[in-house]
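Undergrad:
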Amino acid sequence: MQEVLAGELERRCGNPGCGEPVPKPRRLYCSYECAKKAANIREDEQHSRLSSKTCRDCNEDKPIADYRPPRSPRCLPCLQAKRQRDYEKRGGKEYIYGHNLRQYGLTVDEYQARLAAQDGRCAICGDEPPSGKRLNVDHNHETGVTRDLLCRWCNYALGNAKDDPARLRAMAEYLERHQADVPAE
Ligand SMILES: [Zn+2]
Ligand SMILES: [Zn+2]
Ligand SMILES: [Zn+2]
280 MQEVLAGELE
290 RRCGNPGCGE
300 PVPKPRRLYC
310 SYECAKKAAN
320 IREDEQHSRL
330 SSKTCRDCNE
340 DKPIADYRPP
350 RSPRCLPCLQ
360 AKRQRDYEKR
370 GGKEYIYGHN
380 LRQYGLTVDE
390 YQARLAAQDG
400 RCAICGDEPP
410 SGKRLNVDHN
420 HETGVTRDLL
430 CRWCNYALGN
440 AKDDPARLRA
450 MAEYLERHQA
460 DVPAE
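Rendered as structure tokens:
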């Protein structure tokens, strides 16, 4: 009787990758996400026992290995085609681009205006971004105020130096001090 009770108290989430204690009695999973994950694993196991199934889009009977994950109702080429259709429906590259910028508090137009004002170049080193890439929107991390557009390396450098001008000056002096060093043999 006591052992049963202890077992109840110690019940762990049924998602194999989780193992968290389950918060409420008579629940099998710690969260909705874990329940969903476990259901997907179960469904994949069931489907991988089939030798073949019919794709929802092309209607062809294809071997189960052509379905990734096995529970997918579409064969791999049809799944990829669907993803592409969905991506384009959302606005494709422009959508992703605008979405990423909005995370930094700029619209596409505001970004373009800033880029033009900086002649398309990083405000620190003057490099242009590689083709197809945009410059990073740099921020003052304490105030949240947008500063200028920077290449990723300059942006990283500021972050790694904790946005500390004194440290950055000391780093520059350090490099200059050691510029003429020769290998010790
Ligand atoms: Zn869990
Ligand atoms: Zn198909
Ligand atoms: Zn730069």
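According to the working numbering, the sequence shown is numbered sequentially starting from 280.
By construction, the Cβ of each residue, glycine as well, lies at the ideal position given by its N, Cα and C atoms.
What you are looking at is a predicted structure, and each value in this text was computed from that prediction instead of being measured.
Would you say the beta carbon of E312 comes nearer than 8 Å to a heavy atom of ligand 1?
TA: E312: yes, Cβ under 8 Å from ligand 1.
Undergrad: Could you name each continuous beta strand (DSSP E) segment of 3 residues or more that falls completely within the segment 418-464, going from the start of the chain to the end?
TA: Here the runs fully enclosed are 425-429.
Undergrad: Going by DSSP, what residue range makes up the alpha helix (DSSP H) through S327?
TA: It spans Y311 to S327 - the alpha helix (DSSP H) in which S327 sits, taken as one unbroken run.
Undergrad: DSSP three-state call for D365: helix, strand or coil?
TA: Note: D365 maps to helix in three-state DSSP.
Undergrad: Examine ligand 2 and report whether any of its heavy atoms sits within less than 8 Å of the Cβ of E367.
TA: No.
Undergrad: Excluding sequence positions up to five away, which residues of its chain have a Cβ less than 7 Å from the Cβ of C337?
TA: Around C337: C354 and C357.
Undergrad: For Y428 and G438, I'd like the C-alpha separation in whole angstroms.
TA: For clarity, residue 428 is Leu in the given sequence; the question names Tyr instead. Taking the straight line joining both Cα atoms gives about 14 Å.
Undergrad: Mapping the DSSP letters down to three states, classify R335 as helix, strand or coil.
TA: It is coil, neither helix nor strand.
Undergrad: Just the Cα atoms here: how many angstroms apart are E289 and E312?
TA: Approximately 20 Å between the Cα atoms of the pair.
Undergrad: In three-state terms, what does DSSP make of P409?
TA: In the structure shown, P409 sits in coil (DSSP, three-state: anything other than H, G, I, E or B).
Undergrad: Got a sec? Which residues, its chain only, sit under 7 Å from R364 by beta carbon, not counting five neighbours each side?
TA: The answer is none, since no qualifying residue turns up.
Undergrad: Note down, in chain order, each residue of its chain lying with its Cβ closer than 7 Å to the Cβ of E421, except the 5 sequence neighbours on either side.
TA: Contacts found: none.
Undergrad: Applying the 10 Å Cβ sphere with the 16-neighbour rule, what's the burial state of S410?
TA: When all chains shown are included, S410 counts as exposed.
Undergrad: What I want to know is whether the C-beta of G438 ends up closer than 8 Å to one or more non-hydrogen atoms of ligand 3.
TA: G438 Cβ: outside cutoff for every heavy atom of ligand 3.
Undergrad: Is D345 close to ligand 3? I mean its beta-carbon at under 8 Å from any heavy atom of the ligand.
TA: Flag unset: Cβ of D345 not near ligand 3.
Undergrad: Cutting at 7 Å between CB atoms, please list the residues of its own chain near G423, excluding the five before and the five after it.
TA: Excluding residues within five positions, none has a Cβ falling inside 7 Å.
Undergrad: For P342, which three-state DSSP category applies?
TA: Residue state, collapsed to three classes: strand.
Undergrad: How far does the alpha helix (DSSP H) with A392 in it reach, from first residue to last?
TA: V387 to A396 is the span of the alpha helix (DSSP H), which, as asked, contains A392.
Undergrad: Could you tell me the alpha carbon to alpha carbon distance between C430 and E407, rounded to whole angstroms?
TA: Cα-Cα distance, rounded: 8 Å.
Undergrad: If you draw a straight line from the alpha carbon of E464 to that of E452, how long is it in whole angstroms?
TA: Distance between the alpha carbons of E464 and E452: 25 Å.
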